[in-house]
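Asks: Submitted below is the structure of interest, expressed as structure tokens.
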Ligand code: NAD
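Residue numbers (the working numbering): 5 to 319.
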């Protein structure tokens, strides 16, 4: 199916994409969003209480509000996966898994990241019911409760640090004896009296009834299992950046596989912008509010690009 050329096609359907769509429409650009999963990572979250003005909102309600907001500006949303983007006669040609073809003067990539899973029983069953992938986002929901953080990098240690301020007890489970995290973080967490390190240990399963009530861990050398009685499980074992997608699309990535952008959210390909978790912008902090901010900047840059390009074509 062939459609008219859009000014901007936004790829993705998380906070960065919604924000880019809203701003792009407000710049009066003919805008289309193509994303495979409504809400992105938010679709797996429970309560969100760190987005200004939305107090204790359920993530699902937030996604509905994002949808309503872009609907108000009549931005069409296509639920599909973009497989390739090619430049043809000064325009971009996007092909999707579902067999559609879209044309655009500019493209904004807001494809996010995949959170790494533990792949243990109970992980998906209790997602949003005690299992979380974001300590910074969800720590305040576990005030006075017992939690476990899994991982050994900066995110896990930062998670344990924040959670120790809310939870009554924090277990830090790591599969090795040494940490990849910066030593200063490790030392700081070691000083917390309510944090217990469970090292050289792996999680075997997450248990519960309606919500989580424990985690079974195994000490690797002795194969000895024990159950940690917790109400919260924070899986902080990293992300998979969209390395392969970036390669296919032809945009440069940083050494870790994130899409390289400048402060205008421009990628290495003229007319292609990126926003949100998929970008190389890393200030140690990735949130809905930072993704949305990048989406707004990308839309503004795309707006400038589209009008300048139209001018040069008509000159
Ligand atoms: P995202 O990962 O949320 O969204 C990316 C979207 O792009 C997904 O819908 C995905 O399915 C889609 N996608 C990926 N490849 C695609 C392709 N080829 N074609 C079409 N669609 C494709 O990413 P984001 O919007 O950059 O930002 C999410 C932010 O939200 C993160 O910073 C995260 O930390 C934050 N977050 C916060 C909370 C909280 O509780 N505060 C909860 C969840 C997420």
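By construction, the Cβ of each residue, glycine as well, lies at the ideal position given by its N, Cα and C atoms. Treat the numbers as computed from the prediction; the structure is a model and nothing was measured.
Span of the alpha helix (DSSP H) holding residue 229?
Replies: As a first step, residue 229 is located in the chain shown; it is residue number 225 there, counting from the start. Run containing residue 229: none in the alpha helix (DSSP H); it sits in the beta strand (DSSP E), 228-232.
Asks: With distance defined between alpha-carbon atoms, name the residue in 90, 159, 137 and 111 nearest to residue 48.
Replies: Working through the chain shown from its first residue, we reach residue 48 at position 44. Comparing Cα positions, the closest option is 137.
Asks: When burial is assigned at 16 or more other CB atoms within 10 Å of the CB, is residue 103 buried or exposed?
Replies: The residue you call residue 103 lines up with position 99 of the chain shown. Burial call: exposed.
Asks: Please classify residue 228 as buried or exposed, where buried requires at least 16 other C-beta atoms within 10 Å of its C-beta.
Replies: Here residue 228 refers to the residue found at position 224 when the chain shown is read from its first residue. Result: exposed.
Asks: I need the DSSP call for residue 158, collapsed to helix, strand or coil.
Replies: Walking along the chain shown from the start, residue 158 turns up at place 154. If DSSP states are grouped into helix, strand and coil, residue 158 belongs with the helices.
Asks: In whole angstroms, what is the alpha-carbon distance linking residue 164 and residue 199?
Replies: The residue labelled residue 164 in the question sits at position 160 within the chain shown. The residue labelled residue 199 in the question sits at position 195 within the chain shown. Cα to Cα, residue 164 sits roughly 8 Å from residue 199.
Asks: Do three or more CB pairs link the segment 286-302 to the segment 20-38 at distances below 8 Å?
Replies: Output reads yes: the segment 20-38 touches the segment 286-302.
Asks: If you draw a straight line from the C-alpha of residue 99 to the C-alpha of residue 242, how long is it?
Replies: Looking up residue 99 in the chain shown gives position 95. Looking up residue 242 in the chain shown gives position 238. C-alpha separation (whole angstroms): 30 Å.
Asks: Where does residue 8 land, buried or exposed, given buried means 16+ other C-beta within 10 angstroms?
Replies: Indexing the chain shown from 1 puts residue 8 at position 4. Exposed, since its Cβ has fewer than 16 Cβ neighbours within 10 Å.
Asks: Going by beta carbon distance, what residues of the same chain come within less than 7 Å of residue 232, once the five residues before and after it are set aside?
Replies: The residue you call residue 232 lines up with position 228 of the chain shown. The residues are 152, 175, 218, 219 and 221.
Asks: Would you mind working out which of 282, 249 and 215 sits nearest residue 86, comparing C-alpha positions?
Replies: Sequence index remark: in the chain shown, residue 86 carries index 82 (1-based). It is 249.
Asks: Is the beta carbon of residue 236 less than 8 Å from the beta carbon of residue 126?
Replies: To locate residue 236, count along the chain shown from 1; it is residue 232. To locate residue 126, count along the chain shown from 1; it is residue 122. It is not a contact, given that the beta carbons lie outside the stated cut-off.
Asks: Measuring CB to CB, does residue 79 end up less than 8 Å from residue 66?
Replies: Position 75 of the chain shown holds residue 79. Position 62 of the chain shown holds residue 66. Contact: no.
Asks: Just to check, is the beta-carbon of residue 56 closer than 7 Å to a non-hydrogen atom of the ligand NAD?
Replies: Taking the first residue of the chain shown as position 1, residue 56 is located at position 52. Residue 56 Cβ: outside cutoff for every heavy atom of the ligand NAD.
Asks: Residue 13 and residue 39 - do their beta-carbons sit closer together than 8 Å?
Replies: Locating residue 39 in the chain shown gives position 35, where the first residue counts as 1. Locating residue 13 in the chain shown gives position 9, where the first residue counts as 1. No, Cβ-Cβ distance for residue 39 and residue 13 is not below 8 Å.
Asks: Would you kindly check if the distance between the Cβ of residue 303 and the Cβ of residue 89 is under 8 Å?
Replies: As a position in the chain shown, residue 89 is number 85, starting the count at 1. As a position in the chain shown, residue 303 is number 299, starting the count at 1. No, Cβ-Cβ distance for residue 89 and residue 303 is not below 8 Å.
Asks: On a Cα-Cα basis, can you pick out the residue from 101, 96 and 62 that is closest to residue 273?
Replies: Stepping through the chain shown from its first residue, residue 273 is reached at position 269. The shortest Cα separation from residue 273 among 101, 96 and 62 belongs to 96.
Asks: Compare the Cα-Cα distances from residue 84 to each of 101, 77 and 105 and report the closest residue.
Replies: One-based indexing of the chain shown puts residue 84 at position 80. Residue 84 has its Cα closest to that of 101, out of 101, 77 and 105.
Asks: Does DSSP put residue 40 in a helix, in a strand, or in coil?
Replies: The residue given as residue 40 occupies position 36 in the chain shown. In this structure, residue 40 counts as coil in the three-state DSSP scheme.
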